[in-house]
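Colleague: In UniProt numbering, the protein residues as written are 1 to 605. We put the CB at the ideal spot given by N, CA and C, even for glycine. No experiment lies behind these values; they were computed from the predicted model shown.
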Amino acid sequence: MNPDLIYLDNAGAPRCSSDLLEAILKDTVAAGYGNPHSRNNLSMSTSEVISRTRIRILSHFNTTSKDYSVIFTSGATAALKLLAETFPWQPSCSHCCGHQTADCASRTSLFQVSGNQLPSGSLFAYLLDNHTSVIGMREYALDAGASVICLKETDVQRLLLQSADLCPRCDCRALFVYPGQSNFCGRKYPSKWITAIQQRSLNGASWSVCVDAAALLSCDTVDLSRYPADFVALSFYKIFGYPTGIGALLVKNNVASCMKKKYFGGGSVFAYLPSSRFCKPRDSIEERFEDGTVPFQQIASLNLGFDEFNNKGGGASSIKHYVFRLTKLVYDFLSSLKHFNGAPVARLYCCTDFESCDRQGGIVNFNLKSVNGSWIGYSTIEKLADACGVCLRSGCFCNIGACQQHLDLSDEEVVQNYEHGKRCGDQVDIVNGKPVGSVRVSFGWLSTEADVDAFFRFITSCFVERSFPHPSSWSAVCHQEIFYDCSEEHVVDTIESSMKLSSIFFYPVKSCRPVRVDHWLVTRNGLLFDRHWMIVDASNACVTLKQLPSLVAVQPLMDLKERTLELSAVNKIGDFEKLHVRIDAANDPYAKNVETKVCLRRYGY
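#1: Helix, strand or coil: how does DSSP classify residue 151 here?
#2: Apply the 10 Å Cβ neighbour rule to residue 424 and answer buried if 16 or more other Cβ atoms are within range, or exposed otherwise.
#3: How is residue 43 classed by DSSP in three states: helix, strand or coil?
#4: Could you check how far apart the C-beta atoms of residue 218 and residue 197 are, in whole angstroms? I think they sit under 8 angstroms.
#5: DSSP state of residue 282, grouped into three classes?
#6: Look at residue 209 and residue 69 and say whether their C-beta atoms are less than 9 angstroms apart.
#7: Classify residue 139 as helix, strand or coil using the three-state DSSP reduction.
#8: Can you tell which of 357, 388, 340 has the C-alpha that lies nearest to the C-alpha of residue 369?
#9: Just mark residue 382 as buried or exposed, buried being the case when its beta carbon has 16 or more other beta carbons within 10 Å.
#10: Would you identify the three-state DSSP class for residue 401, choosing helix, strand or coil?
#11: Could you work out which residue in 418, 531, 346, 374 is closest to residue 440 when comparing CA atoms only?
#12: On the CB-based measure, 16 or more other CB atoms within 10 Å of its CB, does residue 343 come out buried or exposed?
#13: In the DSSP output, which residue or residues are listed as bridge partners for residue 536?
#14: Cβ atoms of residue 149 and residue 126: under 9 angstroms apart, would you say?
#15: Just checking my contact of residue 326 with residue 366 at CB under 8 angstroms: how many whole Å lie between their CB atoms?
#16: Examine the Cβ distances between the segment 7-23 and the segment 387-397 and report whether three or more of them are shorter than 8 angstroms.
#17: From the DSSP output, in three-state form, read off residue 417 for me.
#18: Run through DSSP, which three-state label would residue 6 get?
#19: Considering only the beta carbon of each residue, do residue 121 and residue 91 sit closer than 9 angstroms?
#20: Residue 580 by DSSP, collapsed to three states: which one?
#21: Please classify residue 19: does DSSP put it in a helix, a strand, or coil?
#22: Considering Cα atoms alone, identify which of 243, 25, 48, 153 is closest to residue 35.
#23: Enumerate in chain order the residues of its own chain whose CB-to-CB distance from residue 64 is below 7 angstroms, with the five nearest sequence positions on each side excluded.
#24: Could you check which residue in 214, 543, 535 has the C-alpha nearest to that of residue 130?
#25: Have a look at the DSSP bridge pairing and note the partners of residue 72.
#26: Any contact between the segment 511-526 and the segment 551-561? By contact I mean 3 or more CB pairs, one from each, below 8 angstroms.
#27: Let me confirm a value: residue 60 is counted as buried when at least 16 other C-beta atoms fall within 10 Å, else exposed. Which label applies?
#28: On the premise that residue 123 lies in contact with residue 174, defined as a C-beta separation below 8 angstroms, what is that separation, rounded to the nearest angstrom?
#29: For the structure I just gave you, are there three or more beta carbon pairs, one from the segment 429-445 and one from the segment 406-419, closer than 8 angstroms?
#30: Identify whether residue 193 lies in helix, strand or coil by the three-state DSSP scheme.
#31: Kindly indicate the opening and closing residues of the alpha helix (DSSP H) around residue 303.
#32: To the nearest whole angstrom, what separates the beta carbons of residue 266 and residue 37, a pair I think is in contact under 8 angstroms?
#33: Measure the beta-carbon distance from residue 568 to residue 561 and round it to whole angstroms, keeping in mind my assumption that it falls under 8 angstroms.
#34: In three-state DSSP terms, what is residue 561?
#35: Which residue or residues does DSSP assign as beta-bridge partners of residue 523?
#36: Provide the residue span of the alpha helix (DSSP H) that contains residue 351, from first to last.
Here it is as structure tokens:
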């Protein structure tokens, strides 16, 4: 990675050290791993490495293969999907449903918590503050006729005060999924919820608990000997930064029998017949649920990742305290930061007071405000950060529930924003004067205080308004915002000649170089022809500087008298090439009308 970049997106993907990559490459070349489904010596030794890696993973969670199995997946999302596909959802029986029996199998909506009551029978419950990959599990539950409910933290605390008898006439099972740590604000949710829910029936069903540990594991762990969750979903790159494309579902052995798998792939069966429905799955939980060849080279590299995490990083406990210290520095800085008039610069979104690393992880989430109290869009902040070499993340972070909760966005507002063109991952950041996303900075064990200091400088220099002395000759008009009708000429003669505008820069073509002039026309939309044109590709999509950095070398030149725009640039052999475009496209016989979108708005020219 470019050493000049300040990396503050460790919750998205922690940095990977060059030492780890070199060690993995050296090990892969030396070992020459083979397909574990083969029986040759190389393949057999690879199978042994995979077995040792499973043990190493369980040790990281303070448990053993006696109690848990490690099912390798392509990541935490795939682990959650596997659980959703195989969990025994079912329509509730008439006894456990009671008055709620009306067509249980065709339920398509979500139940709401009413007092301390949960819908009876088979149920999927999840915390509002959850990753999209958890919310998506509900479709399997609904299709099977089970109930689905979304809970706030206060709902969970209240429901834990109650219990109910198991239904004597069916074996209904319920599943609760929550994050070990919020990927939005870094709040660490209580591990004690695991045993508290397992020990209560709550709604007449037998309850299992799944922890989405993806966001937690970069600087903490789950102690399964104390809090034996039934399932844990994780991605390994969230811990080590490498390799991507591999995760796991940890399954408590005594609940694995309830998982009902339909599909079977290579290596997952003892025997089957192509011509009739005869199939015998393997006994091993791991082999039964791992379809096809597992990514054995990536699995082998996990051992080296654990070595570095524990030896150089100091282990989960040491990393947890170190990362928290850096995070608290940022929290304290943003909490106290003010403009010259006393207005706060930042609005922080958090669920803790940042006093304990047991409750708060390495994330600070915020939005910024200008000196007059108006919001600064998160897209603007991210663009300026990119320009300053600061890597952070903005948006809702695949966690719409937490975004709604912290930004006070109602369901109706989210739907209306979508209907008006708002999409996940776009750059629309403020709607009707209200932020629809935020900015997140996050830290890992490779982060340093120098990263924190660089972030401080970035925020201070780009977004904090400092007071400054005005020349005594300036009129009070300098301190007021004045808006003129640009259709008329206005001369401000109350300001004496203590300052002089020497140059104006405007950008006729989006993402290309500016044109410098000493005077220019102003229209109702700003400087004449500023950001008036853009470069498009063969599909009429706007080409941006991020997509094609060489656009910065294209120099426009305006000739208002001849009504032309000239574009010039140096080609690969060092010669200048020029392109002339008529400003009045309607008079250009070579021009054609096309349509494209910029920032969700449709344009034609």
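Modeller: Per the coordinate set shown:
#1: strand
#2: exposed
#3: helix
#4: About 25 angstroms; that fails the 8 angstroms criterion.
#5: coil
#6: no
#7: helix
#8: 340
#9: buried
#10: helix
#11: 346
#12: exposed
#13: 542
#14: yes
#15: No, residue 326 and residue 366 are not in contact; Cβ-Cβ is about 16 angstroms, not under 8 angstroms.
#16: yes
#17: helix
#18: strand
#19: yes
#20: strand
#21: helix
#22: 48
#23: 58
#24: 214
#25: 248
#26: yes
#27: buried
#28: 4 angstroms
#29: yes
#30: helix
#31: 296-311
#32: 7 angstroms
#33: Actually they are not in contact, since the Cβ atoms of residue 568 and residue 561 sit about 18 angstroms apart, beyond 8 angstroms.
#34: coil
#35: 526
#36: Run containing residue 351: none; DSSP gives neither H nor E here.
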